[in-house]
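Colleague:
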Amino acid sequence: MSRQRVGYRGLKALLYSTGGIFFLVGAITVGAWMAVNFFKIPVKKGQMAILIKKTGKNLTNDQEVAPDSSYKGVQREYLREATHWRNPYNYDWQVIEQTTIQQGKVGILISLAGENLGYGEFMAHVDPKKNKFIDGVLTKGIVPDVLNPGLYPINPYLFDVEIHDMVVIPAGYVGVVTNLSGPMPKNPNTLLVEKGERGVERETLQPGNQPVNPYEKRINLVDCRSQTFNLAQNKDMGFPSRDGFWVSLDGTIEFRVMPDKAAEVYVTFNDVDNGEKIDEEIIRKVIMPIARSYCRVEGSKISGRDFIDGQSRTQFEENFEKVMQMECEPLGIEVLVAKITNIVPPEKIAEPIRQRGEKIIEVEQYEKQIEQQKEEQKLAVSKQMVKRKQAMIVAEQEVVKVTTEAMREQEVAIIKANENLAVAKLKLEAAKDEAEAITSRAKAEAEVIDFNNQADAAGWKKAVEAFSGDGAEYAKYLLHKKLAPAYRKIMANTEDSPIMKIFESFAVPSKEKASPAAKVPDKK
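Right under this line is the structure:
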């Protein structure tokens with residue numbers, strides 16, 4: 091029984107403990123779900139969250155935004171892109187898109203909260219050390235400077251945003267800056283003020299897109315390109331000459347506003363708000379008065395005839411440009427060209443002078459023709475001289491060519507003769523050597539022959555000595571010796587026959603016959 095009671099109590103405790111665990115898990119789950127759905131503030135890219143506090147101090151009647159987080163109402167602080175957590179009991183929030191400034195545009199901030207401005211002020215006071223979008227703007231009004239193209243987290247309860255186009259300054263123009271706000275100039279008696287002071291600044295803006303706050307500055311365009319103006323455009327450019335004749339003229343003046351003096355020119359000569367018409371004001375107030383003054387003062391010193399033909403007219407035209415440049419440059423206007431294109435003298439004196447001029451022109455033409463013929467004659471002579479010179483050059487070239495060729499042939503002949511001379515010398519030396527060899531060989535052969543002859547002579551001498559020194563006997567002996575072997579038979583009818591006559595000369599008297607013992611040696 092006791093065992094059953096103990097098991098029941100254990101089972102009951104186990105059930106109670108399991109229920110507690112489930113309750114705790116459920117509570118945690120519900121709490122997490124509530125935190126995710128009620129406390130989480132997801133701010134996506136390009137968005138911002140405006141916080142509105144429900145608890146805290148109440149605002150006064152002159153307060154639009156809570157000064158700090160201890161007050162109720164719209165808070166100055168905002169939330170950027172991220173996941174934030176706030177207690178929904180104390181805070182409410184609004185997730186909005188951030189303000190986008192497109193390319194070519196600027197944003198102008200208008201502060202809706204803060205202290206009121208003083209009398210005559212319209213630009214808000216800004217603390218440069220603080221965040222402009224939270225607590226940097228101290229007063230209501232137009233915030234100085236501009237917002238360039240980009241993405242900005244702007245609290246719509248604190249600021250209103252106006253979108254304006256950038257000021258476009260075309261090429262050839264400059265922008266004259268007029269400060270609509272700022273401190274009054276230190277020197278109020280000057281046309282141009284220093285940078286930042288109220289009034290027209292001396293420094294101008296260059297061509298391009300300029301981000302300008304139209305409530306803070308006004309930009310007027312001044313054309314600095316060259317402008318061309320015709321003096322006789324209004325048909326009133328004329329003056330009396332020294333002798334009382336009315337002379338009218340026409341001319342062209344090309345001018346431009348000097349860029350470094352554009353602000354001064356704008357302030358001095360502009361009578362309307364649109365600075366693009368400044369060229370018309372310059373023509374009316376500067377160009378035409380100076381041109382009329384010069385023509386009437388200097389033209390009245392010249393007679394009507396001189397305006398048709400004379401050095402005075404040329405000098406008048408040349409000085410016109412110099413005077414226009416000298417008078418306009420101090421005013422900030424550069425005169426590029428100032429030419430008098432036509433002068434119309436009185437017709438009463440124009441026709442006779444014109445006829446005289448035509449005759450003079452004809453004479454000048456004839457003189458030019460004569461000079462031209464002389465020049466042609468000189469040219470013909472020059473051409474002939476050139477041809478002659480060319481022929482002489484060709485002849486000289488031919489002489490040089492022939493001379494060069496002859497010298498070359500001479501050199502070749504000399505070289506060849508020298509070669510032949512060298513060969514002949516070599517042959518001579520060889521012939522000398524060969525002659526010496528032949529001489530030596532002939533001497534040797536002669537000596538051999540001499541030796542042989544001496545040997546033969548010695549043999550013959552010995553042989554003759556065998557015949558007692560009788561050479562004739564020895565000769566007969568040799569003849570008989572040579573002829574005897576050739577005879578086998580001799581047929582002769584008498585001893586008086588011709589053949590026997592041959593041997594008569596060899597017949598020796600018996601008393602002179604040599605002894606048989608004396609034998610002659612055989613000499614071949």
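Converting from the sequence shown to my numbering requires adding 90 to each position, the first position being numbered 1. Where a beta carbon is used, it is the ideal one built from N, C-alpha and C, also for glycine. Note that this is a predicted model, so its numbers are computed, not measured.
1. Below 6 Å CB to CB, which residues in the same chain sit around ALA139 once its five sequence neighbours on both sides are set aside?
2. With a 10 Å radius around its C-beta and 16 neighbouring C-beta atoms as the bar for buried, classify PRO606 as buried or exposed.
3. Quick check: ARG292 and ALA353, are their CB atoms within less than 7 Å of each other?
4. Would the beta-carbon of VAL180 fall within 7 Å of that of LYS147?
5. Could you say if the segment 313-323 and the segment 278-288 meet the contact criterion of at least three C-beta pairs nearer than 8 Å?
6. Ordered along the chain, which non-local residues of its own chain (more than five positions away) have a Cβ less than 7 Å from that of ARG308?
7. Measuring alpha carbon to alpha carbon, tell me which of VAL502, GLU509, LEU228, ALA322 ends up nearest GLY208.
8. How long is the line joining the alpha carbons of THR190 and ASN245, rounded to whole angstroms?
9. Could you have a look at PRO243 and say whether DSSP puts it in helix, strand or coil?
10. With DSSP run on the structure shown, which of helix, strand or coil describes HIS570?
11. If GLY197 and VAL257 are in contact, beta carbons under 8 Å, what's the gap, nearest whole angstrom?
12. Could you check how far apart the C-beta atoms of VAL164 and TYR247 are, in whole angstroms? I think they sit under 8 Å.
13. Would you identify the three-state DSSP class for ILE392, choosing helix, strand or coil?
14. Would you kindly check if the distance between the Cβ of LYS351 and the Cβ of GLY289 is under 7 Å?
15. So what's TYR161 in DSSP terms, helix, strand or just coil?
16. Could you say which of ALA261, ASN303, MET378 lies nearest to PRO349 if we only look at CA atoms?
17. Could you say which of GLU388, VAL376, SER393 lies nearest to GLN415 if we only look at CA atoms?
18. Could you give the DSSP three-state label for PRO606: helix, strand or coil?
19. According to DSSP, simplified to helix, strand and coil, what is ARG382?
20. In this structure, how does DSSP classify GLN94 when only helix, strand and coil are distinguished?
21. At which residues does the alpha helix (DSSP H) containing PHE129 begin and terminate?
22. What are the start and end residues of the alpha helix (DSSP H) that includes SER402?
23. Am I right that GLU287 and PRO234 are in contact with their C-beta atoms under 8 Å? What's the rounded C-beta distance?
24. For ALA172, I'd like the list of residues in its chain whose CB is within less than 8 Å of its CB, leaving aside the five on either flank, ordered along the chain.
25. Give the DSSP bridge partners of LEU199, in chain order.
26. Could you check where the beta strand (DSSP E) with TYR263 kicks off and where it finishes?
27. What does a CB cutoff of less than 6 Å around ALA322 pick up in its chain, not counting 5 residues either side in sequence?
28. For GLY136, tell me which candidate among GLY240, ILE232, ARG166 has the shortest Cα-Cα distance.
29. Count the other C-beta atoms from every protein chain shown that fall within 10 angstroms of the C-beta of LYS222, then say buried if there are 16 or more, exposed otherwise.
30. Where does VAL216 fall in DSSP's three states?
31. Comparing alpha-carbon positions, which option in ALA428, GLY334, ALA574 lies nearest ARG386?
32. Identify whether ARG166 lies in helix, strand or coil by the three-state DSSP scheme.
33. Buried or exposed for PRO243, please, with buried defined as at least 16 other CB atoms from any protein chain shown within 10 angstroms of its CB.
34. ILE373 to GLN296, Cα distance in whole Å?
35. In angstroms, rounded to a whole number, what distance separates the CA positions of LYS491 and LYS473?
36. For ILE224, which residues from the same chain have a beta carbon less than 7 Å from its beta carbon, with the 5 sequence-adjacent residues on both sides left out?
Modeller: Put simply:
1. Excluding five sequence positions before and after ALA139, the CB atoms of its chain that fall closer than 6 Å to its own CB belong to ILE131, VAL133, LEU169, TRP183, VAL185, given in chain order.
2. Reliability fails at PRO606, whose pLDDT of 44 lies under 50, so the model's placement of it is uncertain and no value is given.
3. The beta carbons of ARG292 and ALA353 sit closer together than 7 Å.
4. It should be noted that the sequence gives Asn, not Val, for residue 180. Taking 7 Å as the Cβ cut-off, ASN180 and LYS147 do not qualify as a contacting pair.
5. no
6. Around ARG308: THR268, LEU270.
7. Ranking VAL502, GLU509, LEU228, ALA322 by Cα distance to GLY208 puts LEU228 first.
8. Approximately 13 Å between the Cα atoms of the pair.
9. coil
10. helix
11. Going by Cβ atoms, the distance from GLY197 to VAL257 rounds to 14 Å, so no, they are not a contact pair.
12. 4 Å
13. coil
14. no
15. For TYR161, the three-state secondary structure derived from DSSP is strand.
16. Per the Cα distances, ALA261.
17. VAL376
18. Note that PRO606 scores 44 on pLDDT, short of 50, meaning its location in the model is unreliable and no value can be drawn from it.
19. helix
20. The predicted model places GLN94 with a pLDDT of 48, which falls under 50 and marks its position as unreliable; any figure quoted below should be read in that light. DSSP places GLN94 in helix when its eight states are reduced to three.
21. Here PHE129 belongs to no alpha helix (DSSP H), and DSSP marks it neither H nor E.
22. Looking at the DSSP string, the run of the alpha helix (DSSP H) that includes SER402 is 401-418.
23. That pair is no contact at about 14 Å.
24. Once the five neighbours on either side are set aside, the close Cβ partners of ALA172 are VAL133.
25. VAL251
26. 263-269
27. ASP340
28. GLY240
29. buried
30. strand
31. GLY334
32. strand
33. buried
34. Computed Cα separation, rounded: 24 Å.
35. C-alpha separation (whole angstroms): 26 Å.
36. ARG166, GLU167
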